[in-house]
Each structure stands twice: as structure tokens, then as C-alpha cells.
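Novice: Take a look at the following structure, please.
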DNA sequence: TATTGTTATACTCTATAACTATA
DNA sequence: TATAGTTATAGAGTATAACAATA
């Protein structure tokens, strides 16, 4: 069987637009949300690691971490083993912000799902492990 | 059965990050690519329609269309029926640019898919119609 | 009056280059 | 020398407010 990579690319494009719509007005960039999500799911990381996982430059991540730090959503912790490095931790406020954003998106998605044929629900549910496997392939922190 | 909206939100977040990675270095913003894709798939549209479909403000779309016009990727065509409005058309160069971007993303995705279990392939293939149905729900132009 | 689109202005997010401090 | 991170600078992309032209 041929892999439907081209059709899948189109679907991914659509999903990305959907994501943008679900996130409207939650007051956080995609990258900022990604960083908080990574720190929440996978624990503290270095700035360089976060820059790589979000596909942005190191200076961009420095600035983002400054903003998130000013907002009290992450904390910088000195690394005793390597004094050039810092470890970034998510704070309770950061977790709360992340939870709020997820709640909004989940509600909006549920609204959309409610108008969908049950067979589509099943197909989406069945695809979740495959999506996770795919994104795991894509990057160490995914 | 309960709808796994929360798990689906997480999956969508991952897919969005994947999309960003697949698009690296193709020299176009997500919104710009979305506009070209819409004009390619669904034909000419008004600026206001494009702004709504990409969830950006009207001035942001004016500026984006200027950039795309300067790059020769879209053309502005006066609307004789309503002289306030313009119709935006994709050009041959726009289609070529879009095709290039799709080709890069498809190649990168195929690379990732090749490392995946066949059962995941099947699940992803089976989910494509559901994804399209979902994104159709989300917006008229999807 | 309402709608289509532009102009003016300012802020966020990003990249590249040059730098400091530590390994 | 190489790596972790910052500072400086500039450009892209965005929003809100105020506007002009047409419906």
C-alpha cells in the first residue's frame, strides 16, 4: 500500500489552522505554550534544549524565557554541575495557565466534535496512538 | 463512549509542532501558506474572507497580500460588481511556490512515516476523512 | 448606515552577529 | 577551542484605531 503522505500533509495543514482557531484569545504564542507543555510533561530542561525542541534560535528562547519569567510562569534555576547553564522549571502559575489554555481548547474542540458523525469519532480516537508515535519519531522531546 | 477531547487536544498540539518542523526553511509563514493553499484549492476570494479564514485582522491580511503581491505569488483583480472589493488570485509562481513547499513537507513526512509501525499507517490513513470532516466543521473555507 | 479595504502606529516574536563566561 | 547563554540590532507579522470609498 502506498503511504498517503501528500494527503496527510494537507490534513496536517488543516489541523494546524484548526489549532490556531482553538487557541484564539488565550494570550499565549504557540511557542510559549509548547515550552510550558514540555516543562510540564517532561520536567526541567536547559534553554538550548527548549530552543531545539521548539525549532527557534537560542536568542529567541532567551527572550521568551524572560517573558515567561516576568509573568511568573517559569523559574530559572542555576545548574551547579555546569555553571554556564540554567535549568528552567515550570511554576504553579505556569501550570495553571497551561491548564486554562487546555480547558478552553478542549471546550471548543468538544463543541466541534459534537457535530461529527460517530464513525469519525472512532477514527480520530483510533488515530491518537499513531499521532503520538509519529510525533515521537519527529523529535526527542516531541 | 466519552469523547477523548482532552487527549485529542494534546495530539493536535503535537501535530502543530510537527508541522512547524516540517515547514522549517521553506521561507513562508503559516498564514501565507494558508492563503495560497485556500486560493489554490477554492479559487479567488476577497481579502475579508481570507482574513476570516486565517483568523487574522483585516489590516494584517492587507499587509500579507501586499507582500505576496510583491513576491508575485498572488494578483489583485478589481471586482466590477462591487467596486469596494478586490478578488485575490493565485499566480503560476504562487502555485509553484506552494508545490515546492508541499514537496519538502511530504518528503520529510515520508521519512518519518517510514520508521512507523504499519498499524499506525493504517490508523492515520483511516483518520484522514475524519480530520477533514472536523476541520470542515471549524470554518467555511477550512 | 454598513461594508470593503487602507493607513498609521505600536507591540510581539523572530533571526543573525557579536559577545561573555564557563568547560 | 567548544559550548551555554546574553546583548544588540533589524525585520516580519500582528493588532487596534482612524480613515476613505463604495454599497
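Residue numbers (our numbering), protein chains in the order written: chain A, 59 to 200; chain B, 59 to 200.
Glycine included, C-beta positions come from ideal geometry on N, C-alpha and C.
1) Would you call the segment 84-98 of chain B and the segment 141-157 of chain B touching, i.e. three or more CB-CB distances under 8 Å?
2) So the beta strand (DSSP E) residue 146 (chain B) belongs to, where does it begin and stop?
3) So, does the segment 60-73 of chain A touch the segment 147-165 of chain B, judging by three or more C-beta pairs under 8 Å?
4) CB residue 76 (chain B) to CB residue 68 (chain A), shorter than 7 Å?
5) By the criterion of Cβ-Cβ separation under 9 Å, what are the contact partners of residue 70 (chain B) in chain A?
6) List the residues that DSSP assigns as beta-bridge partners of residue 133 (chain B).
7) I need the boundaries of the alpha helix (DSSP H) containing residue 100 (chain A), first residue and last residue.
8) Tell me the rounded alpha-carbon separation between residue 89 (chain B) and residue 93 (chain A).
9) Between residue 126 (chain B) and the rest of its own chain, which residues show a CB-CB distance below 6 Å, the 5 nearest in sequence each way excluded?
10) Mapping the DSSP letters down to three states, classify residue 104 (chain B) as helix, strand or coil.
11) Give me the Cα-Cα distance between residue 124 (chain B) and residue 150 (chain B), rounded to the nearest whole angstrom.
12) Taking 7 Å as the cut-off, decide whether the C-beta atoms of residue 181 (chain A) and residue 170 (chain B) are in contact.
13) Show which residues of chain B have a CB atom less than 9 Å away from the CB atom of residue 103 (chain A).
14) What number of angstroms, rounded off, separates the C-alpha of residue 109 (chain B) from the C-alpha of residue 74 (chain B)?
Specialist: Let me lay it out:
1) yes
2) If you look at residue 146 (chain B), you'll find it in the beta strand (DSSP E) that goes 144-148.
3) yes
4) Residue 68 (chain A) sits away from residue 76 (chain B), with the two beta carbons spaced by 7 Å or more.
5) 73, 74, 76, 77, 80, 163, 167 and 189
6) B:147
7) Residue 100 (chain A): member of the alpha helix (DSSP H) spanning 88-100, first to last residue.
8) 22 Å
9) 132
10) strand
11) 17 Å
12) no
13) In chain order: nothing, as chain B lies at least about 15 Å away.
14) Straight-line Cα distance between these residues: approximately 20 Å.
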